[in-house]
Amino acid sequence: MGIEVLDFENNIIGYLIIVIQGAVIHQQYFAHVKLGRTGRIITVNENSIVTMDTDPAEINKQAPDEYTRIIESGLEEGGLKYSFNNHVRAGYYKKMRVQPWIVAYAMDEKEIYEINKSIVITSVIIGIISMLLMTLVVFIFTKSIIKPLNIIVE
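And the structure:
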């Protein structure tokens, strides 16, 4: 990253260059982040190149096409959904203010919906058990009312 250094008459007198060691940033801030089994934080530059990723093997590779569409859309933030390595991934992105880069969090939809599926299954099981218990309570209550009536009728 660099910037021109200008004098008071807007003449270029030099360049200020900043060297960023991606490996150090990755080790300090990304390496120990665990976001489920498939979740990743990704930074993509304006050329759709992955500049930072919780998976270091993906750094400096071309980002999925969805990121190019996001860059071209001009939107500051929003949801994203794309296919990567034969998995449908979903997440959220936000553009950085100081760079024309995107920071996104994404994970496999299958992992996202696993939790919902287990909650639905648990809810159905609890519902069935509750209905059976309520049926039993109503049966016992009805039997306790009908037993004295049967005695009176006989």
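Its first residue numbered 6, the sequence shown is counted upward by one per residue in this note's numbering.
C-beta: ideal position from N, C-alpha, C; glycine also.
Bounding residues of the beta strand (DSSP E) (the contiguous stretch that carries residue i)
| i | result |
| --- | --- |
| Gly83 | 82-89 |
| Asp12 | Where Asp12 is concerned, there is no enclosing beta strand (DSSP E), given that its DSSP letter is neither H nor E. |
| Arg45 | 45-49 |
Paired residues, beta bridge with residue i - DSSP
| i | result |
| --- | --- |
| Gln104 | Answer is none; Gln104 lacks a bridge partner. |
| Val55 | Val49 |
| Gly132 | Answer is none; Gly132 lacks a bridge partner. |
| Arg94 | Tyr87, Asp113 |
| Lys99 | Glu82, Val108 |
| Ile8 | Leu21 |
Nonlocal neighbours in the same chain, by C-beta distance under 6 Å from residue i, ignoring five residues either side
| i | result |
| --- | --- |
| Glu114 | Val93, Ala95 |
| Leu21 | Ile8, Val10 |
| Thr43 | Met112, Asp113, Glu116 |
Within-8 Å CB hit, residue i to chain D
| i | result |
| --- | --- |
| Tyr20 | Going by chain labels, chain D is absent from the structure shown, which holds only one protein chain. |
Cβ neighbour criterion (16 or more within 10 Å) applied to residue i
| i | result |
| --- | --- |
| Arg45 | buried |
| Tyr72 | buried |
| Leu53 | According to the sequence shown, residue 53 is Ser rather than Leu. When all chains shown are included, Ser53 counts as buried. |
| Arg69 | The sequence as given places Pro at residue 69; Arg does not occur at that position. Under this definition Pro69 is a buried residue. |
| Met57 | buried |
| Asn80 | Contrary to the premise, residue 80 reads as Leu rather than Asn in this sequence. Exposed. |
| Thr48 | buried |
| Ala165 | Past the edges of the chain, shown from 6 to 159, lies residue 165, and the structure says nothing about it. |
| Leu85 | buried |
| Ala109 | buried |
| Ala111 | buried |
| Tyr34 | exposed |
| Ile126 | exposed |
First through last residue of the alpha helix (DSSP H) which encompasses residue i
| i | result |
| --- | --- |
| Thr73 | 70-78 |
| Ile64 | Premise fails: Ile64 is in no alpha helix (DSSP H) and is neither H nor E. |
Contact set for residue i: own chain, Cβ-Cβ below 7 Å, skip 5 residues either direction
| i | result |
| --- | --- |
| Asp60 | Arg45 |
| Asn65 | Ile54, Val55 |
Chain-order list of residues whose beta-carbon lies under 8 Å from that of residue i (same chain, five-residue window excluded)
| i | result |
| --- | --- |
| Ile17 | Glu9, Val10, Leu11 |
| Trp106 | Thr48, Val49, Asn50, Glu51, Thr56, Lys100 |
| Thr140 | none |
Those runs of the beta strand (DSSP E) which lie wholly inside the segment 15-40 and span at least 3 residues = 17-22
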